[in-house]
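Have a look at the structure below before the remarks.
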Amino acid sequence: MAQVFAYITHKGGAADDSALELAAAAKKLGADAVTAVVTGTGGELDAVCKDMAASYKEVWKIDNAAMAYPNAEVVRKALVNVLPGDCLLLLPHDTFGIDLGPGLSIKMNSAYVSDVVAIDGLEGATLKVVRQEFGGAASTHMTVDTGAGAVVTLRPGSFAADESKSAGGQVVDKSGDAGDLTAKRKYLETVAAEVGDVDITKSDVLVSVGRGIEDQDNLQIVFDLAEAMKADVSCSRPIVDAKWLEKSRQVGTSGLTVKPKVYMAMGISGAFQHVGGIKGNPFIIAINKNPKAPIFQVADVGIEANILEFIPELTEKIKSL
Amino acid sequence: MEILVCVKRVPDTAENEISVSSAGNDIERGDLVYSVNEWDNYAVEEAIQIVDRVGGNVTVVAVGDDESEEILRREMAMGANDGLLLKDGAFDGSDGKGTASILKAAVGKGKYDLILTGAQAEAGAAQVGGMLAAMLDYPYASLVNKVEVIDDKKLKVGREIEGGNQEINEIELPCVLSIQTGINEPRYVGIRGIRKVASVEIPVMGASDLGLGADSVGAAGAKVKRVDYFVPEMGAGAEMLEGSTEEIIDKLVELLKAKGGLK
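Residue numbers (our numbering), protein chains in the order written: chain X, 951 to 1271; chain Y, 630 to 892.
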C-alpha cells in the first residue's frame, strides 16, 4: 500500500494533541509503518521530532527558517517537494489543516476528504470514512479513490490518542529536499484575543446561550438567571457573530476553552466546535426545543423546552429558594 | 477592485430540522427552506464594503440549478453588481475538486483581483476556496475575519485561529480568501430590494461554454463520493427530564444543588 504520513502541528517545542490522534487513525488504515512529518526550525523543531520518534517509526524533519511560523502557503511547497506524490497524508482539521489541506491536495494531484470523524478502513485503493454534515445533524459514509494519493483531515478529538510511545523511531532530515519556499503570503503577527469584563475560563458555573434565544432583547432573561444562580454568562458562536455579546464570552475552538463544574447549554445545538471548548468534564445540562439537537448526546441531563419560556420560570423558582 | 464571490444555495439549518430520509440516500428535502449559505452571505457583504471603500465591481457566481438564480438575485439586491450562474447536468455529483474546476474555468472568463468564498457550507468540508486558489496559482488564506486593502497589489488579512486569536498576514493580489462568519454585519435585504433586481438578466454558462470536459467534473470526475446518509448509533446521551414544567424545574434545582450549580 501507499506510504502513510501524519503531519505534526506544534507550538513552543511541544506537539499538538492531534499528533497522537493521527497515529491512532493511521492504524485504522492498516498501515504497519507511519511516518511523521514535522516542519519548523531550530531547537523547537528538534524537540518535537525527538518526542515524535517515540510514537512514529520514522520522523521526517524539514528545517527551514521560512517555516518558523507555520504559514500554510510555505509549508505546502515544502510538502509537495518532499512527500511521495501517491502517499496518504493525515492532517488535523484545525485552522492550520483547513488552510493547508485543500490546496495541497490539488498540488499533489491527490483526492481530498476533510473533517473525518471515523475511518472504516482501506480496501485496495478505496478509503471509506465517516463525516458529518449540517452541523452534525446527519452523518455520511464517503468513499475516496486514493489511487493517486489522498490528503485526509481528521476532526480533533475524534480518535483516541495512541499513547503507547513504543515506536522507537528515528529522525530523518529531509530539509535538503524542501526546495524553493518563497510565497505570496507573509505572516506578520498574532493578535491575542481581547479580554472581556468577565473571565469565563475561571467560572465555576456557566449559563451559556445560543441561537435559541432568537433576539438580542431576550438576553436579559439569561443574565437574570445567571444573577439568581451567581453564575456567569457565556455563549456560542452565532451570538458573537450577531454582535449581541463580546467575543470574550464565546465558548468553543474558535473562542475560549472553559472548565466549569456546571455548564448549562441554553438553546445551543452543540456543534463540535462549541463542545470542543468545554473541558474538565463538567456536569452539562442542555435545554433545547429540538429533541434531535446534538448537544443532548454530550449532556448529562437534557430538557426539551423552549428556553424563552423555561428560563424565566427557572429564575423565579431559584429566586424563591 | 474586481471581486468575484462564490455563493451556494443550501438548506437553511436555522429554519429546518435536518433528518435523514428513510431510504438513507439523502436528507428529507420535502419541506426544506433554502437560502444562501451563511458564510457566503458574509463574503458578499465584505466584497460590497471593500468596493464601497476603494471602488470596483462585485460579481456573485453560483454552481447550481435554476433555483440558485434566486440566491444570486438576493445577493444582487444586497449590492452585488452582476450575477453568473454555472449550470449543466454534467456538473451533478461533482466533488470539491470538481466544483473548484468549474469555478476556475469561470474565473478564466473574467478578470478578477480578488475571489471570495465562504469558509465552509452545509457539508462542512471547507475545501473549494483553497482548491480554487491552488488551481489558479493564487495565494490563499482561509477563515478570514478582517480585510484591509493596502494598495492595488496587496491586502492585509486577519485569520481566525484557535483560542479567539487572530493571525495577521500580508497577501498579494490576485488572491482567494475564505470568509468566516462574524467578519461584518450583513445588510438586510427587503422585498423592495429584491424587486429592483427581479428582471435583471443573469447569464448562464454550461460545460461547453467553460471549455470543461465531462470527465473532469460531475460524478465522472469525482474521486470522493457520498455513499449514504445515516443517523449514527448514539451513546447513552443525556438523561431527559420529563413531567410538567414545574416537576422538571424541581428536579433541575435539586441537581443544580447537588452538583454545585447553586451557591
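Yeah, the Cβ is synthetic: ideal placement off N, Cα and C, and Gly gets one too.
Query, Result
"Which of the three DSSP states is assigned to residue 1112/X in this structure?", "coil"
"At 3 residues or longer, what runs of the beta strand (DSSP E) sit wholly inside the region 1169 to 1229 of chain X?", "1182 to 1185 and 1212 to 1216"
"Inspect the CB distances between the region 765 to 782 of chain Y and the region 999 to 1015 of chain X and report whether three or more fall short of 8 Å.", "no"
"To the nearest whole angstrom, what separates the beta carbons of residue 760/Y and residue 1056/X, a pair I think is in contact under 8 Å?", "5 Å"
"On the criterion of 16 or more Cβ atoms from any shown chain inside 10 Å, does residue 820/Y qualify as buried, or is it exposed?", "exposed"
"With residue 818/Y and residue 706/Y assumed to form a contact (beta carbons below 8 Å), what rounded beta-carbon distance in angstroms separates them?", "5 Å"
"My guess is that residue 1262/X and residue 1189/X are in contact by the Cβ rule of under 8 Å, so how many angstroms apart are they, rounded?", "Actually they do not touch by this definition, with Cβ atoms about 19 Å apart."
"I'd like the list of long-range same chain contacts for residue 885/Y, defined as Cβ closer than 7 Å, with 5 residues on each side in sequence excluded.", "891"
"Name the chain Y residues whose beta carbon is nearer than 8 Å to that of residue 1170/X?", "Those within 8 Å of residue 1170/X in chain Y number zero; the least Cβ separation is about 19 Å."
"Should residue 1072/X be flagged as near chain Y, meaning a C-beta pair shorter than 9 Å?", "no"
"DSSP has residue 1102/X in a bridge; who is on the other side?", "1040/X and 1063/X"
"Within the chosen definition, does the region 1222 to 1235 of chain X reach the region 1195 to 1204 of chain X through at least 3 CB pairs nearer than 8 Å?", "yes"
"Who are the near neighbours of residue 1011/X in its chain, counting only those whose CB is closer than 6 Å to its CB and skipping five residues on each side?", "988, 999, 1121 and 1123"
"Can you grab the Cα-Cα spacing for the pair residue 662/Y / residue 645/Y, in whole Å?", "7 Å"
"Just the C-alpha distance for residue 701/Y and residue 648/Y, rounded to the nearest angstrom, thanks.", "27 Å"
"Quick one: give me the first and last residue of the alpha helix (DSSP H) that residue 1001/X is part of.", "992 to 1002"
"What does residue 868/Y pair with, by DSSP beta-bridge criteria?", "1251/X"
"Taking the beta strand (DSSP E) that residue 1092/X belongs to, which residues open and close that run?", "1088 to 1095"
"Buried or exposed for residue 859/Y, going by 16 or more other Cβ atoms inside 10 Å?", "exposed"
"Among 714/Y, 750/Y and 739/Y, whose alpha-carbon lies nearest the alpha-carbon of residue 835/Y?", "714/Y"
"Can you find a C-beta in chain Y that's less than 9 Å from the C-beta of residue 1111/X?", "no"
"Using only alpha-carbon positions, find the residue among 960/X, 1216/X, 1233/X and 981/X that is nearest to residue 1073/X.", "981/X"
"Please classify residue 716/Y: is it buried, with 16 or more other beta-carbons within 10 angstroms of its beta-carbon, or exposed?", "buried"
"Which of helix, strand or coil does DSSP assign to residue 1277/X?", "Only positions 951 to 1271 of chain X appear in the structure, and residue 1277/X is not among them; the question remains open."
"Less than 9 Å between the C-beta atoms of residue 704/Y and residue 673/Y, yes or no?", "yes"
"Put residue 969/X into one of helix, strand or coil per three-state DSSP.", "helix"
"Step through the CB atoms of chain X and report whether any lies within less than 9 Å of the CB of residue 808/Y.", "no"
"Buried or exposed, going by whether 16 or more other CB atoms sit within 10 Å of the CB of residue 1027/X?", "buried"
"According to DSSP, which residues form a beta bridge with residue 1009/X?", "986/X and 1121/X"
"Tell me the residue span of the beta strand (DSSP E) that contains residue 663/Y.", "663 to 665"
"Quick one: is residue 791/Y near chain X, going by C-beta distance under 9 Å?", "yes"
"Quick one: list the residues of chain X neighbouring residue 764/Y, beta-carbon separation under 7 Å, in chain order.", "1056"
"Give every residue of the same chain whose Cβ lies closer than 8 Å to the Cβ of residue 1137/X, excluding the five residues on either side of it in the sequence, and list them in chain order.", "1019 and 1021"
"Starting from residue 798/Y, follow the beta strand (DSSP E) in both directions and report where the run begins and ends.", "795 to 801"
"List the endpoints of the continuous beta strand (DSSP E) containing residue 696/Y.", "Where residue 696/Y is concerned, there is no enclosing beta strand (DSSP E), given that its DSSP letter is neither H nor E."
"Between 709/Y, 664/Y, 631/Y and 657/Y, which has its C-alpha nearest residue 826/Y's C-alpha?", "709/Y"
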